[in-house]
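Enquirer:
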Amino acid sequence: IRLYVKLETAANTIITMAGEKIRLYVKGKIINYTRNKNVTRHKTSLIEIEGVNSKEETPFYFGKKIAYVYKAHTKKAGPNGPTKFRCIWGKVTRAHGSRGVVRAQFRKPLPCKSLGAKCRVMLY
Numbered sequence: 236i237r238l239y240v241k242l243e244t245a246a247n248t249i250i251t252m253a254g255e256k257i258r259l260y261v262k263g264k265i266i267n268y269t270r271n272k273n274v275t276r277h278k279t280s281l282i283e284i285e286g287v288n289s290k291e292e293t294p295f296y297f298g299k300k301i302a303y304v305y306k307a308h309t310k311k312a313g314p315n316g317p318t319k320f321r322c323i324w325g326k327v328t329r330a331h332g333s334r335g336v337v338r339a340q341f342r343k344p345l346p347c348k349s350l351g352a353k354c355r356v357m358l359y
């Protein structure tokens, strides 16, 4: 007997067979730091979430964790042995503007190579 699971996501409907891995995050894009004429705040960034197009859709993501995963040159200790992949964690704090962009606060300041890069907005 094959069981089918139907999942509703922000972007589309995905039909998978039972036992297959399901993505627990929504893709996002780091647009810029929050800034004004004189000051740039590197710990707070603007994130564009895939499938979110208005301010009314953003409250669902408030408090959700964000992961910026990147690859470094040197290996460091990881849970499954040495790895080149690193992660900076953050949290969605509030909406920004009216077209579905959110502000996120990160534990460490994001590097400038992260601007325009992809991030993961966790759904748990």
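Just remember that this note's numbering sits 235 ahead of the position in the sequence shown, which is counted from 1.
C-beta: ideal position from N, C-alpha, C; glycine also.
1. Looking at the secondary structure, which residues open and close the beta strand (DSSP E) in which Phe341 lies?
2. Do Val261 and Ile284 have their C-beta atoms closer together than 7 angstroms?
3. Quick one: give me the first and last residue of the beta strand (DSSP E) that Ala302 is part of.
4. For Thr269 and Val337, which I take to be in contact (beta-carbon distance under 8 angstroms), what is that distance rounded to the nearest angstrom?
5. With Gly325 as the anchor, note down where its beta strand (DSSP E) starts and where it stops.
6. If we call anything under 7 angstroms between Cβ atoms a contact, is Gly263 one with Val356?
7. Mapping DSSP to helix, strand and coil, what is Lys272?
8. State the Cα-Cα distance for the pair Val274 and Ser289, rounded to the nearest angstrom.
Expert: According to the structure data:
1. Per DSSP, Phe341 belongs to the beta strand (DSSP E) from Val336 to Phe341.
2. Val261 is a Cβ neighbour of Ile284, given a cutoff of 7 angstroms.
3. Its beta strand (DSSP E) spans residues Lys300 to Lys311.
4. Their Cβ separation, rounded to whole angstroms, is 11 angstroms, which puts Thr269 and Val337 out of contact at 8 angstroms.
5. Following the DSSP letters along the chain, one finds Gly325 inside the beta strand (DSSP E) bounded by residues Thr318 to His331.
6. For the 7 angstroms CB-CB criterion, Gly263 and Val356 form a contact.
7. Per DSSP, reduced to three states, the secondary structure at Lys272 is coil, with no helix or strand assignment.
8. If you draw a straight line from the Cα of Val274 to the Cα of Ser289, it is about 27 angstroms long.
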